[in-house]
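Worksheet: one structure, shown below.
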């Protein structure tokens, strides 16, 4: 059985990371048996090293190890990075539903490159809140490293007052670009229509992150569910059967 | 028979515009009979107005009329903008090859949004050269309006010396992003594989523009044909049967 490595939190479902959600959505969609092993932030590097998984990037002058990662005892392969995992699962388990349907990989990669910048305004809302929802070892690590990245305490990244109103407006406009693309298919709820592909799990992973970290009852999440004729609520509702955290 | 409105130049094939090429590729690929009517830059607004075609944008405080445009006497419809024309042709002539295959429209729109910024470094090389290849009425208009847009004479936009080397390096890196996406399909020569879609005509329109304006024998075009394992030459070669200017 595949081991899936994810970062826990104190949220009821434990899962919170947009990146690990992308891989979990793939595993659940494909119906591949797996179990989750929860790894706190400061332990990611040691865990990946012990599995022989190289760093996924080199940032701030040092190697950077990230989750999601999986270990597949059937092939003996361990790897990190949600896109690499999705490609590996498509190739290794071709009888499961494919997330990069034939001919769509180049388009999906371009979609992801175009989609990523549209998320930028949302991080200021979700990351400061997340800091208080991680377990102590991850919280300490997250607050220290993210504060260094932003050049100020991660808690101070959260906009307030008039700036909050402005930033939230930007967030809506930004995801409106994505709504413009999705509208073009007419149908839905997914990017290619009724059947999800990897890009949907990417978008879905980010929406799931926002819903769980901001909180289902937060003003922000309730607002998002009303945007663009309820597109984002319908999108997540469409992914319901792939949302089990196991 | 459809009338297709394009902007002429003194180049042997007359056609040079990346935007009108997108629509010509669609018409040729679909095998829909049409004839080209050549409109000089200063006459575009009057021609579109006479056909009842609204401006495609509002820039610099005024309405902006652009080509390509078509007039279809079968339906009585006239419209501008290459994407709108492609969608119109797919819908109106569903028995011709479709350029937005079912389920791919959202992905193609995202591709175009991600692709457009990768072209930025190329304009400094092609637009100043183009100025000398237009007919006098278009040349005067083009030089005046583009110089205003760039804030300096369009001829001075052309980089030279060390800056030229640096800018050309940027251009290669930029289109390398697109190569990265296309590689993901493994096959080729097109974005979805063997069959072109609208996004291919978009990329192809830009490549055709560069090849004809820079000149097939220019150092720059010869260089481009060697980039990324000859991908861009193979791409244009794959579009050969849709390149007639009629």
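Chains as they are written, first to last, in this note's numbering: chain X, 78 to 323; chain W, 78 to 323. Where a beta carbon is used, it is the ideal one built from N, C-alpha and C, also for glycine.
| Asked | Found |
| --- | --- |
| Helix, strand or coil at residue 177 of chain X [DSSP, three-state] | coil |
| Cβ of residue 23 of chain W within 8 Å of any chain X Cβ | Because chain W is modelled from 78 through 323, residue 23 of chain W falls outside the range shown and cannot be assessed. |
| The stretch 198-216 of chain X: positions lying closer than 7 Å to chain W by Cβ | none |
| Partners in chain W for residue 270 of chain X, counting only beta-carbon separations shorter than 8 Å | 179, 180 |
| Terminal residues of the beta strand (DSSP E) in which residue 86 of chain X lies | Premise fails: residue 86 of chain X is in no beta strand (DSSP E) and is neither H nor E. |
| Status (buried if at least 16 other CB within 10 Å, exposed otherwise) for residue 262 of chain X | buried |
| Interfacial residues, the stretch 89-114 of chain W to chain X, with Cβ spacing under 8 Å | none |
| Coil, strand or helix - residue 271 of chain W by DSSP | coil |
| Proximity below 8 Å, CB of residue 242 of chain X to CB of residue 195 of chain X | no |
| Cβ-based burial, residue 86 of chain X [other Cβ within 10 Å; buried from 16] | buried |
| Check whether residue 121 of chain X and residue 143 of chain X have beta carbons under 8 Å apart | yes |
| The alpha helix (DSSP H) enclosing residue 201 of chain X, as first and last residue numbers | 197-208 |
| Amino acids of chain X, ordered along the chain, whose beta-carbon sits closer than 8 Å to that of residue 313 of chain W | What residue 313 of chain W touches in chain X: nothing, since even the nearest Cβ is about 17 Å away. |
| Residue 105 of chain W to residue 134 of chain X span [Cα, whole Å] | 45 Å |
| Interface flag, residue 261 of chain X vs chain W, CB-CB below 8 Å | yes |
| Segments assigned alpha helix (DSSP H), at least 4 residues, entirely inside the stretch 240-300 of chain W | 275-291 |
| Cβ contact (3+ pairs, closer than 8 Å) linking the stretch 228-243 of chain W and the stretch 288-298 of chain W | no |
| Nearest candidate by alpha-carbon position, reference residue 278 of chain W, set W/201, W/81, W/209, W/185 | W/185 |
| Test item: CB-CB of residue 189 of chain W and residue 183 of chain X under 8 Å | no |
| C-beta atoms of residue 315 of chain W and residue 98 of chain W nearer than 8 Å | no |
| First through last residue of the alpha helix (DSSP H) which encompasses residue 165 of chain W | 159-169 |
| Beta-bridge pairing of residue 113 of chain W - partner residues as DSSP gives them | W/81 |
| CB contact below 8 Å: residue 192 of chain W versus chain X | yes |
| Delimiting residues of the beta strand (DSSP E) encompassing residue 149 of chain W | 146-149 |
| Expected contact under 8 Å - CB spacing of residue 247 of chain W and residue 198 of chain W to nearest Å | 4 Å |
| Residue from W/178, W/125, W/310, W/162 with nearest C-alpha to residue 141 of chain W | W/125 |
| Proximal residues of chain X, C-beta to C-beta of residue 258 of chain W below 7 Å | 183, 186, 187 |
| DSSP-derived helix/strand/coil call for residue 233 of chain W | helix |
| Contacts around residue 203 of chain W, its chain only, beta-carbon distance under 8 Å, and the 5 residues preceding and following it disregarded | 286, 287, 290, 291 |
| Residues bridged to residue 140 of chain X [DSSP beta-bridge criterion] | X/135 |
| Residue 355 of chain X in three-state terms, based on DSSP | Since the first and last residues shown for chain X are 78 and 323, residue 355 of chain X lies out of range. |
| Reduced DSSP secondary structure (H/G/I, E/B, other) of residue 94 of chain W | coil |
| Alpha-carbon to alpha-carbon, residue 178 of chain W and residue 110 of chain W | 22 Å |
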